[in-house]
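Just so we're aligned: the sequence shown equals residues 0 to 140 in numbering that gives the first Met the number 0.
Note that CB positions come from ideal geometry on N, CA and C, so glycine has one too.
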Amino acid sequence: MSMSEDAAQSSPEKRESQEGQEKPEKPGPRSRRIRPYALTGGRTRARHHLLMETMVSVPRYDPTLSETLMPESRALYERARSQLSIAELSAMLAIPLGVVRVLISDLAAQGAVLLHPTAHTYHHDRTVLERILSGLRELPV
Numbered sequence: 000m001s002m003s004e005d006a007a008q009s010s011p012e013k014r015e016s017q018e019g020q021e022k023p024e025k026p027g028p029r030s031r032r033i034r035p036y037a038l039t040g041g042r043t044r045a046r047h048h049l050l051m052e053t054m055v056s057v058p059r060y061d062p063t064l065s066e067t068l069m070p071e072s073r074a075l076y077e078r079a080r081s082q083l084s085i086a087e088l089s090a091m092l093a094i095p096l097g098v099v100r101v102l103i104s105d106l107a108a109q110g111a112v113l114l115h116p117t118a119h120t121y122h123h124d125r126t127v128l129e130r131i132l133s134g135l136r137e138l139p140v
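Okay, here's the thing in structure tokens:
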């Protein structure tokens with residue numbers, strides 16, 4: 000095979016002009032090589048304080064909303080239909096934890112997902128701590 004024939008076979012434009020017909024490009028799954036900052040628009044911080052153990056759920060599933068989301072956000076939205084933690088979502092979908100935090104935070108800002116409070120939320124709430132202490136005292140020994 001000559002160099003010109005080799006180049007013609009490797010270049011879609013040259014193949015197209017030589018063959019006279021266009022080959023349709025099949026849409027494939029999104030490449031795993033997309034950089035995390037591209038998925039978050041360069042943002043590294045979430046709008047909400049999200050710990051690894053923060054539980055996420057979808058209170059009212061909206062299929063129309065799901066169709067409008069980026070593939071990664073859509074996957075998170077779909078998986079969060081059953082209550083899962085940020086860490087579980089990250090592991091299940093093989094998306095970096097920081098990216099999951101930013102995308103889930105965006106979904107929460109839209110009202111698409113519900114962020115369940117963690118122990119960190121009640122860290123400084125004296126009434127909650129007193130209720131817990133009272134409940135512990137009432138337990139049979």
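Item to check | Cβ neighbours of leucine 138 in the same chain (closer than 6 Å, five flanking residues each side left out) | outcome: By one-based count along the sequence shown, residue 138 stands at place 139. Here the set comprises nothing.
Next on the checklist: Suppose contacts are defined by Cβ-Cβ distances below 8 Å. Is valine 55 in contact with alanine 79 by that definition?
Outcome noted: The count along the sequence shown starts at 1 and reaches residue 55 at position 56. The count along the sequence shown starts at 1 and reaches residue 79 at position 80. Going by C-beta atoms, valine 55 is nearer than 8 Å to alanine 79.
Item to check | Span separating the alpha-carbon of leucine 150 from that of isoleucine 131 | outcome: Residue numbering for the chain in the displayed model covers 0 to 140; residue 150 lies beyond these limits and cannot be assessed.
Next on the checklist: Once DSSP output is grouped into helix, strand and coil, what is the label at serine 81?
Outcome noted: On the sequence shown, residue 81 is found 82 positions in, with the first residue counted as 1. Coil, per DSSP.
Checklist entry - How long is the line joining the alpha carbons of histidine 48 and aspartate 105, rounded to whole angstroms? => result Translated into the one-based positions of the sequence shown, residue 48 becomes position 49. Translated into the one-based positions of the sequence shown, residue 105 becomes position 106. Cα-Cα distance, rounded: 12 Å.
Item to check | For tyrosine 76 and valine 112, believed in contact at Cβ under 8 Å, the rounded distance | outcome: Stepping through the sequence shown from its first residue, residue 112 is reached at position 113. Stepping through the sequence shown from its first residue, residue 76 is reached at position 77. Rounded, the Cβ-Cβ distance is 7 Å, consistent with contact.
Checklist entry - Around the Cβ of serine 89, are there at least 16 other Cβ atoms within 10 angstroms (buried) or fewer (exposed)? => result Working through the sequence shown from its first residue, we reach residue 89 at position 90. By the neighbour-count rule (16 or more Cβ atoms within 10 Å), serine 89 is buried.
Checklist entry - Does DSSP classify valine 112 as helix, strand or coil? => result Taking the first residue of the sequence shown as position 1, residue 112 is located at position 113. Looking at valine 112 - three-state DSSP - the assignment turns out to be coil, as it is neither helix nor strand.
Next on the checklist: I'd like the ranges of any beta strand (DSSP E) spanning at least 3 consecutive residues and lying wholly in the stretch 43-67.
Outcome noted: 54-56
Checklist entry - The alpha helix (DSSP H) with isoleucine 131 in it runs from where to where? => result Taking the sequence shown and counting its residues from 1, one reaches residue 131 at position 132. Isoleucine 131 -> alpha helix (DSSP H) spans 125-137.
Checklist entry - Assuming glutamate 66 and isoleucine 94 make a contact with CB atoms under 8 Å, what is their CB distance in whole Å? => result By one-based count along the sequence shown, residue 66 stands at place 67. By one-based count along the sequence shown, residue 94 stands at place 95. At roughly 20 Å, the Cβ-Cβ gap does not stay under 8 Å, so glutamate 66 and isoleucine 94 are not in contact.
Checklist entry - Count the other CB atoms within 10 Å of the CB of threonine 126; is the residue buried (16 or more) or exposed (fewer)? => result Walking along the sequence shown from the start, residue 126 turns up at place 127. It counts as exposed.
Item to check | Between the CA atoms of threonine 117 and glycine 134 - distance to the nearest angstrom | outcome: For the purposes of this step, residue 134 is taken as residue 135 along the sequence shown, with counting starting at 1. For the purposes of this step, residue 117 is taken as residue 118 along the sequence shown, with counting starting at 1. Taking the straight line joining both Cα atoms gives about 19 Å.
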